Each structure stands twice: as C-alpha cells, then as structure tokens.
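Residue numbers for the sequence shown follow this note's numbering, beginning at -2 and rising by one.
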Amino acid sequence: MKQFFLLTIFFAFAGTATIAQTSAVAKNIQANIVNNKLVLSWTESEASETGSWEVQASANGKDFTTIGLVWGADPKGARNSFSFKQESTKIQSKFQYFRVLYVAGTKATGTSAAVRLAK
C-alpha cells in the first residue's frame, strides 16, 4: 500500500497539469531572472498555513508542468509573501510562462494567472 501511495504522489506531480484557471489565490505574481536564478514571487489572499504551492511552467502558456513546490511563506518577506528560486540552468529554456497552484490538503483550490518570464 505504501508503494502505491508513493507512486500515486509521484505521478500526480510528474504529469502535465491542465487545470482550468479558477478564482486565483495568488496575486502580484512575477517571474524574473536574478543573478542567474529564476525567481518567482507572489502574495496570497486566502491561503492557509497548512496548504502548499505547486510552481508550474509552460512553453506555450496553456499546457503546464509542475517544476517545484513551496511549503511556506518567504522567511525574508511578509507573512503572505511567497517565492520560488531555482538556478536558471536547471529550468528548461523552452519554459517562458509560469504560474502557481495553491493546494489545500489533497485538493487544488486556486491557480494564478500565467506570467511570461521577464528578460
């Protein structure tokens, strides 16, 4: 049973996400390259401290793939401020659009608008 659960979790995060954009929880999302790192930052409006965020990327702005997870607020920012940082060399160059998906428990509850990477 444990193996089934782990495989289920793996495939849930490994697949391409085609979740319809809902009432966005994340606001003010920005995607930039800073010191050779992809930096996504956003604020939340109604997220609880028990939820998490999936960071998703896309080449076309329509079909998204999860590239990372954020489990809590940015310790250097306000309580409702979040960020994701990754070496730009670890991000596929085809990815130009990014969004975040808020997950409360086992249910996705809100997707941000997609933003294009600022160069």
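Just so you know, even glycine gets a beta-carbon here, dropped at the ideal spot from N, CA and C.
On a predicted model such as this, the values are computed, not experimentally measured, just so you know.
Buried versus exposed, by CB contacts within 10 Å (16 or more), residue i
i	result
I30	exposed
L98	buried
Residue i - containing beta strand (DSSP E), residue span
i	result
K59	First-last for K59: undefined, no H or E at that position.
I30	A23 to V31
T47	Taken as a continuous stretch (DSSP letters only), T47 belongs to no beta strand (DSSP E), as it is neither H nor E.
T40	K34 to E41
A101	Y94 to A101
Q89	Element bounds for Q89: n/a, residue is neither H nor E.
Closest Cα partner of residue i within the set the options
i	options	result
T47	R113, G102, T106 and V112	G102
W68	T86, E84 and F79	F79
L35	Q89, R76 and D60	Q89
A75	T108, Q83, I64 and S38	S38
N33	K91, F92, T106 and T86	T86
D71	W50, I64 and K104	W50
Same chain, Cβ closer than 6 Å to residue i, five either side skipped, listed in chain order
i	result
I94	Reading the sequence as shown, one finds Tyr at residue 94 and not Ile. Correct list, in chain order: S55, G58, A111 and R113.
A115	N29
N77	T40 and E41
Q27	S38
G65	V52 and F81
S109	A21, A23, I26, R96 and V97
Contacts around residue i, its chain only, beta-carbon distance under 8 Å, and the 5 residues preceding and following it disregarded
i	result
E84	N33, K34 and L35
T106	T19, V22, G48, Y99 and V100
Own chain partners of residue i with C-beta closer than 7 Å, once the 5 adjacent residues on each side are dropped
i	result
F92	A54, S55 and A56
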